[in-house]
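Below you'll find the structure, written out as structure tokens, and then a few comments.
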Amino acid sequence: MAKQKMNINELYAVTGKILVEKGYAGFHFKLVSDQLNVSRSTIYEYFSNKDELIASLMVHLMDTIMAEYEGLDRISEPLEKLRRIFDSFMKYAHLHQILLFAPFVNGESSPSVKKDLVTLRQQHHTLTRVLTEVIDACKEAGSIRQDIPSSLVASLLFQSIQIPKNKTIENAEWSEMIFRVLLEGYGVRDRHGVAF
1 MAKQKMNINE LYAVTGKILV EKGYAGFHFK LVSDQLNVSR STIYEYFSNK
51 DELIASLMVH LMDTIMAEYE GLDRISEPLE KLRRIFDSFM KYAHLHQILL
101 FAPFVNGESS PSVKKDLVTL RQQHHTLTRV LTEVIDACKE AGSIRQDIPS
151 SLVASLLFQS IQIPKNKTIE NAEWSEMIFR VLLEGYGVRD RHGVAF
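As structure tokens, then:
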């Protein structure tokens with residue numbers, strides 16, 4: 001019998017979709033093979049168990065997200081950098097749903113899973129460091145209040161991807177609205193610019 005070919009990007013897309021729909025416990029290769037019209041043995045040629053596939057997918061997703069930050073050094077304005085990071089958070093909000101399954105992955109199931117989980121932690125640390133550095137630069141530039149801990153600002157920015165999107169509003173406008181509320185607050189200002 002001829003070896004079946006499989007597109008890894010299709011495999012990742014189906015894996016992510018099933019993870020979001022069924023959760024970690026409900027995920028298995030049969031669901032994936034049925035959606036891709038390949039045999040389970042074809043998937044096993046690439047990954048020996050579901051933890052290998054899920055961990056590999058997560059590293060792939062973080063690589064995609066991290067690639068968004070490669071051009072940040074060319075931007076001189078800290079607030080513009082922060083906006084770029086925030087926009088990528090919003091752009092890839094659906095990917096973050098998949099990354100939430102990382103604690104369920106069994107790091108002891110194989111050496112490749114263990115390696116991928118280490119890579120995932122390093123990527124998360126790098127992302128957090130970059131975000132915090134940009135927030136600190138915004139504080140130095142006077143764009144963000146000094147009295148608010150950078151970790152709180154980072155958490156608010158990151159958690160904003162969980163806000164259910166209004167379907168009648170375009171993605172760019174939605175992202176702009178949330179960023180403005182986070183940056184300026186939602187209080188009404190008097191004629192002197194003071195919130196009350």
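Numbering-wise, UniProt numbering puts 125 at position 125 of the sequence shown, and it's gapless, one number per residue.
We treat Cβ as the ideally placed atom computed from N, Cα and C, and that holds for glycine.
Requested in this report: Quick one: using the 10 Å Cβ neighbour count with 16 as the cut-off for buried, is valine 181 buried or exposed?
Outcome: exposed
Query - Element boundaries [alpha helix (DSSP H), containing serine 175] - result: 171 to 184
Query raised in the report: What are the boundary residues of the alpha helix (DSSP H) that isoleucine 163 is part of?
Result: Taken as a continuous stretch (DSSP letters only), isoleucine 163 belongs to no alpha helix (DSSP H), as it is neither H nor E.
Query - Euclidean distance between Cα positions of lysine 167 and phenylalanine 89 - result: Cα-Cα distance, rounded: 18 Å.
Query raised in the report: How do the region 149 to 164 and the region 84 to 102 stand: do at least 3 beta-carbon pairs fall below 8 Å, yes or no?
Result: yes
Requested in this report: In angstroms with no decimal places, state the Cα-to-Cα distance between residue 206 and alanine 93.
Outcome: Only positions 1 to 196 of the chain appear in this structure, which leaves residue 206 out of reach.
Query raised in the report: Which residue from Leu61, Ser150, Ile144 puts its Cα closest to that of leucine 117?
Result: Leu61
Query raised in the report: Helix, strand or coil: how does DSSP classify aspartate 190 here?
Result: coil
Report task. Use the C-beta contact count for glutamate 52: other C-beta atoms within 10 angstroms, 16 or more gives buried, fewer gives exposed. Result -> buried
Query raised in the report: Where do the ends of the alpha helix (DSSP H) carrying isoleucine 65 lie?
Result: 50 to 67
Report task. Between the Cα of leucine 131 and those of Ile85, Thr42, Thr15, Lys165, spot the shortest distance and give me the residue it belongs to. Result -> Ile85
Query - Residue span of the alpha helix (DSSP H) that contains asparagine 9, given as start and end - result: 8 to 26
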